[in-house]
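Engineer:
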DNA sequence: TTCTGTAATGAATGATTGTTCATTTAATTT
DNA sequence: AAATTAAATGAACAATCATTCATTACAGAA
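Protein chains in written order, with the numbering used here: chain U, 1 to 225; chain C, 1 to 225.
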């Protein structure tokens, strides 16, 4: 009868009420099943089972199956947007910041590769406003990397370049870790992948000044962390 | 009653019999619909309509809906495997060959970005033997690029590097053109994208000898084809 | 304990859709 | 023309699931 009342809390993911916690349980279960078996191949019943509840109950916390997908994908993007800045603020040096951002991004992806794939596979089926929100979040994370690059250029460490463009490639290669695993199987470990990509970008972008600056940095304290 | 007889030709895509042509019509219609609306969102009826036939007829040419998906994805990978070598054999110079391979790959992707996305989104739902075949085809195309890089290294133009690793990144960035369009919208044209990526790899990989060699090449005749 | 509102259940519903197959149409042969 | 084979149709079938809702279990208040 009354529509909007029965849905407990429509806040995106925050909150610690019992309602919010139960809701999160459903999202987690759904994420897991969607990631492993695909969205269309997963039934609501299975999600309920995995969350230790009955199928009907899900509809008290979520409008429909699709909303679970939205929430799952948004959680992934949120983890990018949280983890990358957290890594960046630890450093002052522009080059270190860039390196930390790239490394952090790859690590988040590597931590839950299936989740990244989920976003890749299913963003397209979401209704357009939701897609826009997701795109917005992507761009925000990209911006963090862009800023790092811009700072490096301003400091004279990186040569002039289309920043937006370079950062897009960095992000793509980060996602690449997840895309790789099922396309070509496991070839390397994450550390190697991070190092290889960092090397690629730095070698391509450094000015002479940047190169000297960097080798001095490396002698002082090894990168990574 | 008799199963295997009524299916006209189970050959992958070749043949010019009327049967093969009709079969291809279905695959083309399916590819278009799957690409634009998604596999699960497309009904067999729609495919039939688009192909100008009745739903029942499809099953004379194809085992099931899923086989249409297989054929669609395989067609994409086949176009990679055909176009890239075609571009490479036009050149003798190792660096030019690498450049041509990368450019060709990006161009095929850019020509049918939706098709590339199709492969990304739906390979996972295919049965494992089909997935393996697709993976095999991927690797074969990768190998072409790997070979280019190895030749460059042997000639002393590129520095030592993990070849498999570098070629994977090249492929990923090629696919990136398709992945980009719907994630971040259109930022650049393909030509810029090709040039930017080429620049990235060459700057990162060149030895001093390679750099000199390349600038000599560029003065003789501008790259690209 | 009794009452009351909320949480939870899970069988029933209804809509969708891949697939089949009895039937018709067309093409080819005799 | 008649007979035979192949191609094509599309209504009907069967299975699947997302979603609903009548019903039950529960929690706290009076």
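All C-beta atoms, glycine included, are put in the ideal place defined by N, C-alpha and C.
What whole-angstrom Cβ distance do residue 73(C) and residue 119(C) have, given they're in contact under 8 Å?
Structural biologist: 5 Å
Engineer: Residues of the segment 129-162 of chain C with a CB closer than 8 Å to any CB of chain U: list them in chain order, please.
Structural biologist: Residues of the segment 129-162 of chain C with a C-beta atom less than 8 Å from some C-beta of chain U are 135, 138, 139, 142 and 162, listed in chain order.
Engineer: Within 8 Å, do at least three Cβ pairs link the segment 156-166 of chain U to the segment 107-114 of chain U?
Structural biologist: no
Engineer: List the endpoints of the continuous alpha helix (DSSP H) containing residue 125(C).
Structural biologist: DSSP places residue 125(C) in no alpha helix (DSSP H); its state is neither H nor E.
Engineer: From the DSSP secondary-structure annotation, give me the bridge partner or partners of residue 206(C).
Structural biologist: Answer is 158(C).
Engineer: Output needed in chain order: residues of the segment 188-204 of chain U with a Cβ under 9 Å from some Cβ in chain C.
Structural biologist: Taking 9 Å as the Cβ-Cβ cut-off against chain C, the residues of the segment 188-204 of chain U that qualify are 188, 192, 193, 196, 197, 199, 200, 201, 202, 203 and 204.
Engineer: Just verifying my parser: in three-state terms, what is the DSSP assignment at residue 106(C)?
Structural biologist: Under the three-state reduction of DSSP, residue 106(C) is assigned to helix.
Engineer: If we count the other Cβ atoms within 10 Å of its Cβ and call it buried at 16 or more, is residue 35(C) buried or exposed?
Structural biologist: buried
Engineer: Buried or exposed: which applies to residue 116(C), given that a residue is buried once 16 or more other Cβ atoms fall within 10 Å of its Cβ?
Structural biologist: buried
Engineer: Quick one, are the C-beta atoms of residue 167(C) and residue 145(C) less than 7 Å apart?
Structural biologist: yes
Engineer: Tell me the DSSP secondary structure of residue 112(U) in three-state form.
Structural biologist: coil
Engineer: Mapping the DSSP letters down to three states, classify residue 41(U) as helix, strand or coil.
Structural biologist: Three-state result, residue 41(U): coil.
Engineer: What are the start and end residues of each continuous alpha helix (DSSP H) run of 4 or more residues lying completely inside the segment 47-82 of chain U, in chain order?
Structural biologist: 55-61
Engineer: Looking only at C-alpha atoms, which of 208(C), 178(C) and 207(C) sits nearest to residue 194(C)?
Structural biologist: 178(C)
Engineer: In this structure, how does DSSP classify residue 153(U) when only helix, strand and coil are distinguished?
Structural biologist: helix
Engineer: Classify residue 90(C) as helix, strand or coil using the three-state DSSP reduction.
Structural biologist: coil
Engineer: If you draw a straight line from the alpha carbon of residue 91(C) to that of residue 157(C), how long is it in whole angstroms?
Structural biologist: Rounded to whole angstroms, the separation of the alpha carbons of residue 157(C) and residue 91(C) is 16 Å.
Engineer: Does residue 176(U) come within less than 7 Å of chain C when only Cβ atoms are used?
Structural biologist: Using beta-carbon distances, residue 176(U) counts as an interface residue toward chain C, with a partner under 7 Å.
Engineer: Closer than 7 Å by beta-carbon distance: list the chain U residues that pair up with residue 63(C), in chain order.
Structural biologist: In chain order: nothing, as chain U lies at least about 19 Å away.
Engineer: Identify, in the order they occur along the chain, each residue of the same chain with its Cβ nearer than 6 Å to the Cβ of residue 170(C), setting aside the five sequence neighbours on each side.
Structural biologist: 102 and 145
Engineer: Under a three-way DSSP split, which group does residue 15(C) fall into?
Structural biologist: coil
Engineer: Output the distance between the C-alpha atoms of residue 32(C) and residue 26(C), rounded to the nearest integer angstrom.
Structural biologist: 10 Å
Engineer: Would residue 11(U) be called buried (16 or more neighbouring beta carbons within 10 Å of its own) or exposed?
Structural biologist: Reliability fails at residue 11(U), whose pLDDT of 41 lies under 50, so the model's placement of it is uncertain and the value that follows must be treated cautiously. Residue 11(U) is exposed by the Cβ-count criterion.
Engineer: Using a C-beta to C-beta distance shorter than 7 Å, which residues of chain U count as neighbours of residue 40(C)?
Structural biologist: 40
Engineer: Measuring alpha carbon to alpha carbon, tell me which residue in 189(U), 139(U) and 37(U) is nearest residue 124(C).
Structural biologist: 37(U)
Engineer: Compile a chain-ordered list of the residues in the segment 114-125 of chain C whose CB is closer than 9 Å to at least one CB of chain U.
Structural biologist: Within the segment 114-125 of chain C, the residues whose Cβ lies closer than 9 Å to some Cβ of chain U are 117, 120, 121, 122, 123, 124 and 125, listed in chain order.
Engineer: For residue 84(C) versus residue 104(C), is the C-beta distance shorter than 7 Å?
Structural biologist: yes
Engineer: Please check if any C-beta of chain C sits within less than 7 Å of the C-beta of residue 172(U).
Structural biologist: yes
Engineer: Between the segment 100-113 of chain C and chain U, which residues of the former have a C-beta closer than 7 Å to a C-beta of the latter?
Structural biologist: none
Engineer: Please report how far the alpha carbon of residue 173(C) lies from the alpha carbon of residue 205(C), in whole angstroms.
Structural biologist: So the alpha carbons of these two residues sit roughly 16 Å apart.
Engineer: Please state whether DSSP places residue 188(C) in a helix, a strand or coil.
Structural biologist: coil
Engineer: Is it right to say residue 43(U) is buried, meaning 16 or more other beta carbons lie within 10 angstroms of its own, or is it exposed?
Structural biologist: exposed
Engineer: To the nearest angstrom, how far is the alpha carbon of residue 58(C) from that of residue 71(C)?
Structural biologist: 13 Å
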